[in-house]
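Encoded as structure tokens, the structure appears first; notes follow it.
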Amino acid sequence: MTTTPPWRAAAVSMIAAGSLALTGCAGGSGAADDGRLRVVTTTGVLADLVRNVAGDDVEVTSIVPPTGDPHSYDPTLRDVRDVVYADVAFSNYLLLEDHSVVTTLDANLPEGAPNISLAESATQYAAEVIPLVENVNLDTVWLGLRVSGTGAELGATRASEARLRVTGVDGPGRLAGYLTETFGQPRVYFDSGDGFDAADGYARDTATLPTDAHTHMSWAFTEPGIYTVAMESDLVVEPDEDPRQLAETSVTFAVGVDPYSVPGLAGARVLDGGHADVTVDLDDGAIVLQADTPAGESPDQDADASPSTHGAATHTHAETLDPAATVVSVPNKALAPVPAEPGFGFLGRPGDQVYLLPQAVLGKHVHGEIDPHLWQDVRNAQAYVEVVRDTLVAAAPDQATQFRANAEAYLAELRRTDAYVERTIAQIPRSRRHLVTTHDAFAYLGRAYDVDIAGFVTPNPAAEPSVADRIKLTRTVQALDVPAVFLEPNLAARSTVLTEVAHENDLRVCEIYSDAFDDRVTTYVDLMRANADSLRRCLT
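Mapping of the sequence shown onto our numbering: residues -5 to 534, in sequence order.
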């Protein structure tokens, strides 16, 4: 039997005077100490993970009920009592739980009782984390312009200039490429809205760069669809010399539509993350796409601190892609309103929604904060279990053998669950794996199992959706032609925007579980398998 920890005796004394009132409002664990190890968690999902390791001889309670929303739950006196009598506490943290839940835990847990933040601790057990994105427009490929190579065979010097021009755009809307200057004013490099004039050498649609230079820029598209952008380049070796023609090519953009289903480009590489450049290669006389990270991977924050043109030597690219076999993805999360500031009229009226690949220097992450929904990747849940195992072993060494055996059996079940989720989602055609949900809680599911997180009503379920949120959601489901949207059962009462958009567009509303259970899904394994089944059933 576990020895009574000293903090439990202190806890009994702390609330003895109020035990009658507390008992009157609570069931579950009583004030009497039966010697069992007592664990409190913040959510039902965490409680289920702990129970699978702890077994029947440990009492596990959750502050937030299994069907409750941790983002908005208000703790009760019963919850306070459970915390006061706890020997060990587990929270997810990383701002998942409402502040009142965390405050209740931290203010009432006895001194000396382990208070473990699983999301933070799990990184020591190989859990992978995803930074939260301050502006979802920036969680896209960052596409600039670049000149590479010395051009020595052409006689290029430091005084030489390479020119890259857009000579035509075939697409459903308007394309504009521009750079935002230090004080917020745009410098337009090319704009299909005013046409292309070959008579003046496309002067209004030409970007000029020194050799070995690079510039960030933004790409704006007014309508969803496939855009083919014709480009050509030349080199001006000396200011008074005629330019030397270098290359022609076209770059394909999938704007707000599935990038894996572009006609004529089956099997093409999809460039949807990382820092990349449309590059004039002086040595090969070609226009190519050069990327910092392989296509399909997400970048770290770009190190550049200003939108100025600068030496390209600071950027090393991992691979070179052929534009003829590459699709640049501009997802629906890239929708953004036209700024009201003077100078942006070429994009449309202030407030109009355009699809925007912004210049990378605007910054990507919210002060390094992490997406807290780690368990949507089963491998991260395995790391949680390892943290729980080692914490319980330290708290009750006489039960260590049982904790380790329980953990090993449960980890084997989680490995089977991970394989099931991966296998089930893989049955959905890649061009249909677009997830539209209530709030932004499924980035780990998307990354681990190759699902496109195409849209959500709000970043956080506690936030009220705006008119712009509804417009973006509607354009997303229409552009991607999704057959279904996915609703978390515990948020149904607050998800009228999602259900209304689904009704207006004749879409199915299917279930998906984030951080709570219901009467049918009562365990973490149930949750992950149900999500995989729902995705396959509703998207296939």
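Think of the CB as a built atom: it goes at the ideal place given N, C-alpha and C, for glycine as much as any other residue.
- For Val78 and Leu368, the gap between their C-alpha atoms comes out near 28 angstroms.
- By the Cβ criterion, the segment 391 to 411 is not in contact with the segment 33 to 41, since fewer than three pairs of Cβ atoms, one from each stretch, lie closer than 8 angstroms.
- Excluding its 5 nearest sequence neighbours in each direction, Phe450 has C-beta neighbours in its own chain below 6 angstroms: Thr431, His433 and Asp434, listed in chain order.
- Sequence-distant partners of Arg426 (beyond 5 residues in either direction) whose C-beta falls short of 6 angstroms from its own C-beta, in its chain, are Leu533.
- DSSP, read as helix, strand or coil, puts His208 in strand.
- Residue environment: Pro352 is assigned as buried (16 or more neighbouring CB atoms within 10 Å of its CB, all protein chains considered).
- Ranked by how close their Cα comes to the Cα of Arg32, the residues Val82, His65, Arg72 and Val47 have Val82 in first place.
- In the pairwise beta carbon analysis, the segment 144 to 160 is classified as not touching the segment 370 to 390: fewer than three pairs are separated by under 8 angstroms.
- As a beta-bridge residue in DSSP terms, Gly449 pairs with Val430.
- Asp371 places its beta carbon 9 angstroms or farther from that of Leu88.
- In the three-state DSSP reduction, Asp346 falls in the coil class, being neither helix nor strand.
- As DSSP reads the structure, Met225 sits in a beta bridge with Val160 and Thr243.
- Around Asn374, the same chain offers Ala121 and Leu368 as residues with beta carbons nearer than 6 angstroms, after the five sequence neighbours per side are excluded.
- In the DSSP assignment, Phe84 falls within the unbroken beta strand (DSSP E) covering Val82 to Ser85.
- Rounded to whole angstroms, Leu429 and Thr117 show a C-alpha spacing of 27 angstroms.
- Only residues of its own chain outside the window of five on either side were considered, and among them Pro166 and Gly167 have a CB closer than 6 angstroms to the CB of Glu217, listed in chain order.
- With fewer than 16 other CB atoms across the displayed protein chains lying within 10 angstroms of its CB, Gln239 is exposed.
- Here Gln393 is buried, its C-beta having at least 16 other C-beta atoms within 10 Å.
- Nearest in C-alpha terms to Lys466, of all of Gly250, Val44, Leu521 and Phe397, is Gly250.
- Ser85 is a Cβ neighbour of Ile110, given a cutoff of 9 angstroms.
- Measuring C-alpha to C-alpha distances from Thr55 to each of Ala41, Ser66 and Thr61 identifies Ala41 as the nearest.
- When the Cα atoms are used, Gly187 and Gly339 turn out to be separated by approximately 11 angstroms.
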